[in-house]
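Participant: Numbering (this note's numbering), first residue to last: 59 to 264.
Where is the CB? At the ideal position from N, CA and C, for every residue including glycine.
Remember, predicted model here, so these are calculated numbers, not experimental data.
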């Protein structure tokens, strides 16, 4: 089980790194959209390539971050019933879902998506729009995104089994991180305490 937990930590690290950098694709997509709008309005010039690269970046951000979203527990869940059940029952529901829904679905996308991407890559398929781009880069996002999602599903499965065995803490419990305002307030409080301590020390010395 320890080897599987080590694998789980590796998958978590991978999707964390992907999620950390993929967020910049949304900014890039926004900038491309804004620049395209300005150029079109000011210079009356546009290209389908600008529209398609925006689409490519936006699609990549959602597909590649799917595993990270699952890792953070931010995926959509309808827990009207499960929220009323015990924690162990909720964990078993998750295990069932990862085994019989998430894994088969991701495997099906990979089964059809990899040949679909390869066909577009080998044929150098181009967009049917005038001035469009190569299609295989966006086709590649499907197997990559669902591959990362399936790996994260397996990581979550391992963690839930380990939890049932009493090896780790609840993997579904969200860690509450301090906001920037809270960190600033805490820093100010520490500075005040340090200043007060120095003042007291100086008074005693006098």
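Spatial neighbours of residue 166 within its chain, please: CB distance less than 8 Å, with the 5 preceding and 5 following residues excluded, ordered by chain position.
Facilitator: Hits under 8 Å: none found.
Participant: Would you give the residue range spanned by the alpha helix (DSSP H) that residue 146 belongs to?
Facilitator: From DSSP, the alpha helix (DSSP H) with residue 146 extends over 145 to 155.
Participant: Would you tell me roughly how many angstroms separate the C-alpha atoms of residue 93 and residue 193, rounded to the nearest one?
Facilitator: Going by the C-alpha atoms only, they are around 22 Å apart.
Participant: What's the call for residue 61, buried or exposed, on a 16-neighbour Cβ count within 10 Å?
Facilitator: Looking at its Cβ environment, which holds fewer than 16 other Cβ atoms inside 10 Å, residue 61 is exposed.
Participant: Apart from the five residues just before and just after residue 168, which ones in its own chain have a Cβ nearer than 8 Å to its Cβ?
Facilitator: Result list for residue 168: 201, 204, 205, 208, in chain order.
Participant: Relative to the C-alpha of residue 268, which residue among 176, 161, 130 is closest?
Facilitator: Only positions 59 to 264 of the chain appear in the structure, and residue 268 is not among them; the question remains open.
Participant: Out of 189, 110, 128, which one is the CA nearest neighbour of residue 211?
Facilitator: Nearest C-alpha to residue 211: 128.
Participant: What are the uninterrupted segments assigned as alpha helix (DSSP H) that are 4 or more residues long and contained completely in the stretch 60 to 129, given in chain order?
Facilitator: Within the stretch 60 to 129, the complete alpha helix (DSSP H) runs of at least 4 residues are 60 to 101, 106 to 122, 124 to 129.
Participant: Does the count of Cβ pairs from the stretch 169 to 179 and the stretch 84 to 103 closer than 8 Å reach three?
Facilitator: No contact exists between the stretch 169 to 179 and the stretch 84 to 103.
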